[in-house]
Amino acid sequence: MITARGGEGSVDAALFVAVPAWMERAKNRDIIFSYLAFPSTEDICMILRIATLNLEQDHKCWAARRDLIAAQLRDINPDLWALNEIHIPSQTGRWLQKAASKATGTKYALLQQSKTGEESRTQGEALLTRYPVIETANLDYRSHDCVALVARFEIENRLLDVYVTHLIAAKVEDSARQYQVRQLLEWIRTRDDADDSVVCGDFNAAPDQPSIRLMAAAYRATQTQPTAFTPLREPGGAPTHPEWNRFDRCIDYIWISESIQLQASGICFNQPAKDNSELWPSDHVGVWADLEIG
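Residues in the sequence shown are numbered from 266 upward in steps of one, following this note's numbering.
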């Protein structure tokens, strides 16, 4: 067994095997390793750090706030990063792919899926990954132009499906999101040969809403701290949903299957510019989670 000691408590250093990003995070947290013996193969498990963020397309000072995203990404250092509302014309997904590689010193592959209908040329969902993808697929809900994408990975001889989706806006009745959740879960059931699955994204509903209760019957949310909405605004403009209090609801989630062990979770991309309290990485904050696979 390899053990580790640090300010955040003891962890199994085997969790860091084969994942350089984890070793880097350990170094950043001043974790001290004590090597007692080499772990056997069956003792090794994999910890993945996954994050999700709604980007708010290129609205509300994108040129300024994208640098906040890049700076805060360095501390998060995710293995997989789910993105909602990438802006297709300005290629925000590609910009963040390059920024992520520069910030963390590792390469990311970028997967993108446009919305349907009138929004197909404007925005979509995306996933940045350090791991090689063995399969991708997508789902058209045929409802409000919303879509989902999935990428399949083989990690520690297990198949992992990671889904990214963005359900219809909160101003629409929750019955529309309930329909979308049912479609999503039905699609996931057709891919039940995966050992593990994770669903990420902006569900536009708080935990007490029926659509979220539907998801919670099949998956576990890693956390439910408020993720919306930040004070982000254009100079002289209004924030998203000005009629609502800031940070009054969780609508962004990382959902995990029962086969996955949650090690830690929280919010991220949650720091405004030091000199401007109205400049935030996005109108949402993000969610991160450390997941044990295997």
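Where a beta carbon is used, it is the ideal one built from N, C-alpha and C, also for glycine.
Cross-strand partners of E419 (DSSP beta bridge): Per DSSP, L424.
Going straight from the alpha carbon of D426 to that of G501, what length do you get? One C-alpha to the other measures close to 43 Å.
How many angstroms separate the CA atom of A347 from the CA atom of A503? 26 Å
R442 and N403 look like a contact to me (Cβ under 8 Å); what is the Cβ gap, rounded to whole Å? R442 to N403, Cβ: 19 Å. No contact.
Just mark G370 as buried or exposed, buried being the case when its beta carbon has 16 or more other beta carbons within 10 Å. exposed
Could you work out which residue in P475, E390 and A365 is closest to A435 when comparing CA atoms only? P475
Complete runs of the beta strand (DSSP E) confined to the region 347-422 [at least 3 residues]: 374-379, 388-394, 400-405 and 412-420
Give every residue of the same chain whose Cβ lies closer than 6 Å to the Cβ of M311, excluding the five residues on either side of it in the sequence, and list them in chain order. I420, E421, I558 and G559
If you draw a straight line from the alpha carbon of A368 to that of A329, how long is it in whole angstroms? 17 Å
For R331, three-class secondary structure by DSSP: helix
Please return the same chain residues whose Cβ sits closer than 6 Å to the Cβ of I477, not counting the five positions on each side in sequence. Within the same chain, I477 has close Cβ partners A470.
E321: which of Q536, W452, E390 and D457 sits nearest, CA to CA? E390
Per DSSP, the bridge partner or partners of G551: C533
Three or more C-beta pairs below 8 Å linking the region 539-548 and the region 523-531: no
Using only alpha-carbon positions, find the residue among R407, D467 and P397 that is nearest to E350. Distances from the alpha-carbon of E350 to those of R407, D467 and P397 put D467 closest.
For K380, tell me which candidate among R331, N510, A481 and I353 has the shortest Cα-Cα distance. I353
CA-CA distance, T455 and L449? 10 Å
Let me make sure I understand the geometry here. Which of L479, Q490, S440 and L375 has the alpha-carbon closest to that of V429? L375
Would the beta-carbon of A554 fall within 7 Å of that of T487? yes
Simplified DSSP state of V437, which is helix, strand or coil: Coil at V437, not helix or strand.
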